[in-house]
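Numbering (full-length UniProt numbering), first residue to last: 1 to 292.
Ideal Cβ placement from N, Cα and C applies to all residues, glycine included.
Everything below concerns the one structure shown next.
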């Protein structure tokens with residue numbers, strides 16, 4: 001499905017590695033495919049509303065206190081823009097309409113808002129090509145490595161393969177924990193032979209004892225697990241999948257269906273063998289696509 005020839009771009013390929021070992025993976029890829037065929041990817045930080053006000057005020061030699069006062073009128077909400085802030089904050093709008101200096105500051109900032117402010121290296125992205133990358137994209141050297149001058153989106157439009165090698169601290173913590181247990185208790189733990197049916201583990205998760213547990217430790221997820229009372233790995237997988245903006249509305253139905261599986265109904269009998277493991281709820285994208 002994900003390598004369907006009708007896809008416009010390549011699928012997302014994400015791989016998690018021990019945080020301290022991520023560079024070893026990149027070094028291996030460079031050695032295997034050639035130093036000229038592998039590069040990390042540039043990313044641009046843009047001028048957001050508050051920072052843009054401050055940068056423009058500094059460039060226009062406005063007093064810091066004056067600029068700071070205006071910048072702090074921008075609400076600290078996700079994806080805020082100057083135009084949204086003017087509509088949300090009457091005090092800011094009044095200052096804009098009554099003070100020419102404020103108006104000039106904001107007008108210039110509005111023109112610059114969203115433009116690139118600085119460049120850095122993408123936290124995970126690595127592009128791999130069958131030929132030297134200079135045949136496809138311009139490259140540049142930053143302080144530590146060679147990176148593309150094109151961003152991730154443009155690389156995908158060109159048909160280049162981009163992979164995400166994520167350095168995950170949780171894997172490093174797991175490795176260190178195994179080593180400490182061996183050193184201090186002389187017990188060998190094989191992470192490939194973990195018992196996924198241990199009822200004590202599910203009991204702890206159901207009681208909200210999830211501090212330090214990857215993807216389960218946020219307050220919202222902890223509350224969800226306490227309500228769900230998972231008793232299998234499938235419950236945890238489904239819970240993590242549901243706790244996202246799109247399917248989150250299905251959480252109450254999933255919890256209720258788990259508590260009362262006899263009440264679960266299916267639109268057609270053919271769906272039962274597919275959805276019975278998730279109590280009649282379409283949780284996974286692959287299942288949804290297969291039914292369409």
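Residues near residue i by beta carbon distance below 7 Å, same chain, minus five either side
i: residue 293; result: A question about residue 293 goes unanswered here, because the residues of the chain that appear run from 1 up to 292.
i: residue 234; result: 277
i: residue 266; result: 272, 275 and 280
i: residue 86; result: 92, 93 and 96
i: residue 50; result: 71 and 74
Under 8 Å between C-beta atoms of residue i and residue j
i: residue 280; j: residue 264; result: yes
i: residue 116; j: residue 44; result: yes
i: residue 242; j: residue 251; result: yes
i: residue 161; j: residue 148; result: no
i: residue 283; j: residue 261; result: no
i: residue 159; j: residue 19; result: no
Exposure of residue i, with buried meaning 16 or more beta-carbon neighbours within 10 Å
i: residue 65; result: exposed
i: residue 40; result: buried
i: residue 57; result: buried
i: residue 125; result: buried
i: residue 155; result: buried
i: residue 22; result: buried
Residues near residue i in its chain [Cβ-Cβ closer than 6 Å; skip 5 each side]
i: residue 1; result: Any reading at residue 1 needs caution, since the residue's pLDDT is 48, under 50, leaving its predicted position unreliable; the model's value is listed next. None.
i: residue 38; result: 29, 30 and 128
i: residue 189; result: 178 and 181
i: residue 25; result: 17 and 165
i: residue 146; result: 39 and 139
i: residue 214; result: 170
i: residue 150; result: 137
i: residue 293; result: Residue coverage of the chain in this structure runs from 1 to 292, which leaves residue 293 outside it and unanswerable.
Other residues of its chain near residue i: CB distance less than 8 Å, five sequence neighbours each side excluded
i: residue 97; result: 103
i: residue 228; result: 206, 235, 239, 254, 255 and 258
i: residue 82; result: 49, 52, 53, 74, 106, 109, 110 and 113
i: residue 191; result: 174 and 178
i: residue 68; result: 54
i: residue 34; result: 132
i: residue 220; result: 243
i: residue 223; result: 208
i: residue 199; result: 231
Whole-Å CB distance - residue i paired with residue j, under 8 Å assumed
i: residue 136; j: residue 105; result: Going by Cβ atoms, the distance from residue 136 to residue 105 rounds to 42 Å, so no, they are not a contact pair.
i: residue 202; j: residue 245; result: Residue 202 to residue 245, Cβ: 26 Å. No contact.
i: residue 122; j: residue 88; result: Actually they do not touch by this definition, with Cβ atoms about 32 Å apart.
i: residue 47; j: residue 113; result: 6 Å
i: residue 53; j: residue 80; result: Actually they are not in contact, since the Cβ atoms of residue 53 and residue 80 sit about 11 Å apart, beyond 8 Å.
i: residue 163; j: residue 13; result: 5 Å
For residue i, the residue or residues it bridges with in DSSP
i: residue 17; result: 167
i: residue 246; result: The partner list for residue 246 (beta bridge, DSSP) is empty, contrary to what the question assumes.
i: residue 148; result: 139
i: residue 162; result: 127
i: residue 173; result: In DSSP, residue 173 forms no bridge with anything.
i: residue 42; result: 121
i: residue 116; result: 46
Below-8 Å beta-carbon distance, residue i vs any chain B residue
i: residue 88; result: Within the model displayed, chain B is absent; a lone protein chain is all it includes.
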